[in-house]
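The numbering used here applies: residue 141 is where the sequence shown begins, and numbers increase by one.
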Amino acid sequence: MRKFFVLLFFVLFSVVVQAQVLVNLQLPVIGLSTKNQLWSMALINTGRETIRLRGNLIMTDEATNQIVMTASTAEFTLMPGSHVFQVTDFSPIIYSVVNSSYGIDNNPNGFLPVGHFIVCYQFDRFVSDTYEKFVEECENAEVEPVSPPQLIFPEDQGVLEFPQPVFSWLPPSPMNFFSLLSYDLRMVKLEGKQLPADAMQQNIALFAQQNIYTLSVPYPASLPVLDTGVVYAWQVVAKNNNKEIARSDVWSFSIKKFSPAADKLLRNGFFARLKNADGPVNYFLCSGKLQVAYDNYTDDDSVYVAVNDLNNQRSKMSLDSEYLRLKRGLNFIEIDLKTKNAFSNDHIFEFELVNSRGEKWIGRFYLKRKEEENK
Numbered sequence: 141m142r143k144f145f146v147l148l149f150f151v152l153f154s155v156v157v158q159a160q161v162l163v164n165l166q167l168p169v170i171g172l173s174t175k176n177q178l179w180s181m182a183l184i185n186t187g188r189e190t191i192r193l194r195g196n197l198i199m200t201d202e203a204t205n206q207i208v209m210t211a212s213t214a215e216f217t218l219m220p221g222s223h224v225f226q227v228t229d230f231s232p233i234i235y236s237v238v239n240s241s242y243g244i245d246n247n248p249n250g251f252l253p254v255g256h257f258i259v260c261y262q263f264d265r266f267v268s269d270t271y272e273k274f275v276e277e278c279e280n281a282e283v284e285p286v287s288p289p290q291l292i293f294p295e296d297q298g299v300l301e302f303p304q305p306v307f308s309w310l311p312p313s314p315m316n317f318f319s320l321l322s323y324d325l326r327m328v329k330l331e332g333k334q335l336p337a338d339a340m341q342q343n344i345a346l347f348a349q350q351n352i353y354t355l356s357v358p359y360p361a362s363l364p365v366l367d368t369g370v371v372y373a374w375q376v377v378a379k380n381n382n383k384e385i386a387r388s389d390v391w392s393f394s395i396k397k398f399s400p401a402a403d404k405l406l407r408n409g410f411f412a413r414l415k416n417a418d419g420p421v422n423y424f425l426c427s428g429k430l431q432v433a434y435d436n437y438t439d440d441d442s443v444y445v446a447v448n449d450l451n452n453q454r455s456k457m458s459l460d461s462e463y464l465r466l467k468r469g470l471n472f473i474e475i476d477l478k479t480k481n482a483f484s485n486d487h488i489f490e491f492e493l494v495n496s497r498g499e500k501w502i503g504r505f506y507l508k509r510k511e512e513e514n515k
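Shown next as C-alpha cells:
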C-alpha cells in the first residue's frame with residue numbers, strides 16, 4: 141500500500157509539472173497583418189522555479205489544412221508568476237516559409253498572407269541537456285488586407301488641360317505596419333473600347349517607374365507629350381521592403397484638345413486665378429509669360445512668392461525678388477519667363493504666394509514655349 145501512495149504521489153507531481161505554464165494568447169481581434177503581432181501573449185508560471193523555454197509556431201490554412209509557415213524562437217527564461225511577452229522577448233525568431241504559393245514576406249517584420257488560419261504555439265522546456273515538449277496552445281486568426289494606396293491625381297475619368305501630369309496618391313494604411321514603403325507606377329494607353337483594368341493587364345506601358353519613395357512623380361519631359369483624344373490608364377503598386385503589399389484601383393484620364401479660340405487666349409494673355417493650397421489645384425498652360433490673378437483681400441503691401449520646378453524634385457527657381465508688392469483687391473501678376481533660361485521647356489512649375497495670414501495660394505503651370513522661342 142505504501143508503494144502505491146508513493147507511486148500516486150509521483151504521478152500527481154508529474155501532472156502538476158506539466159500544468160506549470162499557462163498560455164494566454166493576445167492576438168488582435170481585427171487588424172492582424174504582420175509577423176510581429178503573432179507574438180503578443182501572457183505566460184503564467186504557476187510553479188516556484190524559473191523555467192528555460194523555447195517556442196515553436198505552426199501556421200495552418202483553416203480551409204485547406206496546409207501548413208503555411210513555421211517559426212522558432214530563441215531560448216528564454218520564465219520566472220514564477222504572470223508575464224506579458226512581445227516579439228522582442230522571443231528574438232531572434234527564425235521563420236520558415238513552407239508554402240511559397242501564399243507569397244509570404246521573408247522579412248522578419250513582414251506581412252502575413254490574407255486569409256483565415258490556425259496558429260499553434262508549442263513551448264519546449266529545457267531538461268537534462270535537451271528540450272521536451274511542455275505546453276501547447278492554438279487559436280484561430282484572421283489576417284485582413286491592408287488598405288491599398290489611394291490615387292489622387294489625375295482624377296478618374298478626368299480631362300486635363302496640360303499634357304504632362306504630376307501623378308499623386310496617398311499611402312496604404314495603417315502606416316505603422318510598414319518599415320520601408322516604395323511604389324511602382326505604370327501608365328498605359330487604352331485601345332478601342334478597352335476597360336482601364338484590362339488595358340493595365342494587357343497593354344505595354346507608355347510610362348513606368350519603379351522604387352518611388354515619394355507620393356508623387358511627374359510625367360517625364362523626356363517622353364513624348366501625351367496626345368489629345370486618347371484615354372490613358374494608370375495604377376500604383378505599394379511595396380514594403382521591396383515586397384508587394386497592395387495595388388491601387390486603376391484610373392483613367394485624357395488630355396483636353398484646345399480650340400483655336402483657347403490657343404488665341406493663351407497667345408494674347410490669359411490670367412489664371414491662384415487657388416488656396418487647401419483646395420483643388422488650378423493647372424494652366426504658359427507659353428513664356430506667367431500671368432496669374434490674385435485677390436488681395438488681406439490688404440497686404442507685399443507677399444512672399446516662389447516658383448518650384450515639379451519635374452526636378454521641387455527645386456526652387458530664381459526670381460527677381462522673393463517679395464511682390466500688391467495693391468488692395470484684384471492683382472494681375474506677370475512674370476516674363478522668356479529671359480529666364482533656367483525655366484526648362486515642357487516642365488511643370490508651381491507658383492506659390494504666401495500672404496500675411498500664412499495662407500498659401502498656388503497655381504501650377506505647364507511651360508510650353510513657342511517654337512520660335514526654342515530656336
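Note that CB positions come from ideal geometry on N, CA and C, so glycine has one too.
Checklist line | Within the region 154-203, ranges of the beta strand (DSSP E) (whole runs, at least 3 residues) | finding: 161-165, 181-185 and 191-201
Notebook entry, point to check: Per DSSP, what kind of secondary structure is Asn-451 in: helix, strand or coil?
Noted result: The answer is helix: DSSP assigns Asn-451 an H, G or I state.
Notebook entry, point to check: With respect to the alpha helix (DSSP H) encompassing Thr-228, which residues constitute its N-terminal and C-terminal limits?
Noted result: Element bounds for Thr-228: 227-230.
Checklist line | Pick from Phe-411, Asp-245, Ile-198 and Ser-496 that is closest to Lys-379, judged by C-alpha positions | finding: Asp-245
Check: If Val-443 and Val-494 are in contact, beta carbons under 8 angstroms, what's the gap, nearest whole angstrom?
Finding: 6 angstroms
Notebook entry, point to check: Could you check where the beta strand (DSSP E) with Pro-336 kicks off and where it finishes?
Noted result: Segment 336-342 is the alpha helix (DSSP H) holding Pro-336; no beta strand (DSSP E) there.
Check: What are the residues that DSSP puts in a beta bridge with Ser-356?
Finding: Among the bridge pairs identified by DSSP, Ser-356 is matched with Ser-308.
Item checked: For Gln-290, the residue or residues it bridges with in DSSP -> Leu-310
Note to self: Quick check on Ser-362: does DSSP put it in helix, strand or coil?
What the structure shows: When DSSP states are grouped into helix, strand and coil, Ser-362 belongs to the coil group.
Check: Terminal residues of the continuous beta strand (DSSP E) containing Phe-539?
Finding: Outside the displayed range of the chain (141 to 515) lies residue 539, so it cannot be described from this structure.
Note to self: Could you tell me the alpha carbon to alpha carbon distance between Phe-489 and Leu-366, rounded to whole angstroms?
What the structure shows: Distance between Phe-489 and Leu-366, taken at the CA atoms: about 18 angstroms.
Check: For Asn-280, does the count of other Cβ atoms within 10 angstroms reach 16, so buried, or fall short, so exposed?
Finding: Classification of Asn-280: exposed, given that the 10 Å Cβ count is below 16.
Next item on the list: Would you check if the distance between the CB atom of His-284 and the CB atom of Val-254 is smaller than 8 angstroms?
Entry: Correcting the residue type first, residue 284 is Glu in the shown sequence and not His. In contact: Glu-284 and Val-254 (Cβ atoms closer than 8 angstroms).
Item checked: Per DSSP, the bridge partner or partners of Tyr-463 -> Answer is Tyr-444, bridged to Tyr-463.
Item checked: Buried or exposed by the 16-neighbour rule on C-beta atoms within 10 Å, applied to Ala-339 -> buried
Item checked: For Tyr-235, the three-state DSSP class (helix, strand or coil) -> strand
Notebook entry, point to check: Looking at the structure shown, is Ser-212 part of a helix, part of a strand, or coil, going by DSSP?
Noted result: Strand, per DSSP.
Check: Three-state secondary structure (DSSP) at Tyr-242?
Finding: Helix.
Item checked: Inter-residue spacing [alpha-carbon to alpha-carbon] between Glu-499 and Phe-307 -> 24 angstroms
Next item on the list: Check the C-beta distance from Leu-425 over to Pro-358 and give it rounded, since I have them as a contact under 8 angstroms.
Entry: The Cβ separation is near 16 angstroms, so there is no contact.
Notebook entry, point to check: Can the beta-carbon of Pro-311 be found closer than 8 angstroms to that of Pro-289?
Noted result: Pairing Pro-311 with Pro-289 gives a Cβ-Cβ distance under 8 angstroms.
Checklist line | Contacts around Phe-472, its chain only, beta-carbon distance under 6 angstroms, and the 5 residues preceding and following it disregarded | finding: Closer than 6 angstroms at the Cβ level, and outside the excluded window around Phe-472, lie Phe-411 and Ala-433.
Check: Taking just the CA atoms, how far does Phe-257 sit from Thr-186?
Finding: 30 angstroms
Next item on the list: Label Asn-372 either buried or exposed according to how many other C-beta atoms from any shown protein chain fall within 10 Å of its C-beta, with 16 as the threshold for buried.
Entry: The amino acid occupying residue 372 in the given sequence is Tyr; Asn does not appear at that position. By the neighbour-count definition (other C-beta atoms within 10 Å, threshold 16), Tyr-372 is a buried residue.
Notebook entry, point to check: Which residue from Thr-438, His-487 and Met-209 puts its Cα closest to that of Leu-363?
Noted result: His-487
Notebook entry, point to check: Can Asn-422 and Lys-429 be called in contact, C-beta distance under 8 angstroms?
Noted result: no
Check: In terms of residue numbering, what span does the beta strand (DSSP E) encompassing Val-267 cover?
Finding: 255-267
Notebook entry, point to check: When DSSP labels each residue in this structure, what does Lys-456 get in the three-state scheme?
Noted result: strand
Checklist line | Buried or exposed by the 16-neighbour rule on C-beta atoms within 10 Å, applied to Met-219 | finding: Its Cβ having fewer than 16 others within 10 Å, Met-219 is exposed.
Margin query: Here's the rule: buried if 16 or more other CB atoms are within 10 angstroms of the residue's CB, otherwise exposed. What is Arg-188?
Written below: Exposed, by the Cβ-count rule.
Next item on the list: Tell whether a beta-carbon distance below 8 angstroms holds between Val-275 and Val-161.
Entry: yes
Note to self: With H, G and I counted as helix, E and B as strand and the rest as coil, what does DSSP make of Tyr-437?
What the structure shows: Coil.
Margin query: In whole angstroms, give me the CA-to-CA distance for Ile-385 and Ser-287.
Written below: Ile-385 and Ser-287 have their C-alpha atoms some 9 angstroms from each other.
Margin query: Suppose you measure from the CA of Ser-236 to the CA of Gln-304; what does that come to, to the nearest Å?
Written below: 46 angstroms
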